[in-house]
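Residue numbers (this note's numbering): 186 to 250.
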């Protein structure tokens with residue numbers, strides 16, 4: 186999340202979209218849906234449609250070992 190100072194007051198800008206790993210709970214977020222999907226793909230996230238679960242890159246690597 187981003188903070189901006191305007192006239193001495195800080196304003197918090199909330200992210201509207203997020204993905205949470207079903208195993209470890211790590212969360213990836215963005216203000217734009219397409220940006221979030223691009224970010225997740227670049228970081229190696231995977232979605233299992235059969236189980237309806239999302240996995241981050243770290244949980245995928247640990248699962249393969």
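Glycine included, every Cβ here is placed at the ideal spot set by N, Cα and C. Here the structure is a predicted model, which is why all the values come from computation and not from measurement.
Residue i (DSSP reduced to helix, strand or coil)
{"i": "residue 190", "result": "Note that residue 190 scores 47 on pLDDT, short of 50, meaning its location in the model is unreliable; the coordinates nonetheless yield the value given after this. Three-state result, residue 190: strand."}
{"i": "residue 231", "result": "strand"}
{"i": "residue 211", "result": "coil"}
{"i": "residue 223", "result": "helix"}
Alpha carbon of residue i to alpha carbon of residue j, nearest angstrom
{"i": "residue 202", "j": "residue 235", "result": "22 Å"}
{"i": "residue 220", "j": "residue 209", "result": "22 Å"}
{"i": "residue 186", "j": "residue 218", "result": "Only weak support is given to the placement of residue 186: the predicted model assigns it a pLDDT of 44, under 50, and the value that follows is read from those uncertain coordinates. Residue 186 and residue 218: Cα-Cα distance of roughly 15 Å."}
{"i": "residue 216", "j": "residue 222", "result": "11 Å"}
{"i": "residue 243", "j": "residue 207", "result": "12 Å"}
{"i": "residue 274", "j": "residue 245", "result": "Absent from the structure is residue 274, since the part of the chain shown begins at 186 and ends at 250."}
{"i": "residue 214", "j": "residue 248", "result": "23 Å"}
Residue i versus the options, residue with shortest Cα-Cα distance
{"i": "residue 241", "options": "248, 230 and 247", "result": "230"}
Same chain, Cβ closer than 6 Å to residue i, five either side skipped, listed in chain order
{"i": "residue 205", "result": "212"}
Proximal residues to residue i (C-beta, below 8 Å), its chain only, five neighbours per side dropped
{"i": "residue 228", "result": "213, 241 and 242"}
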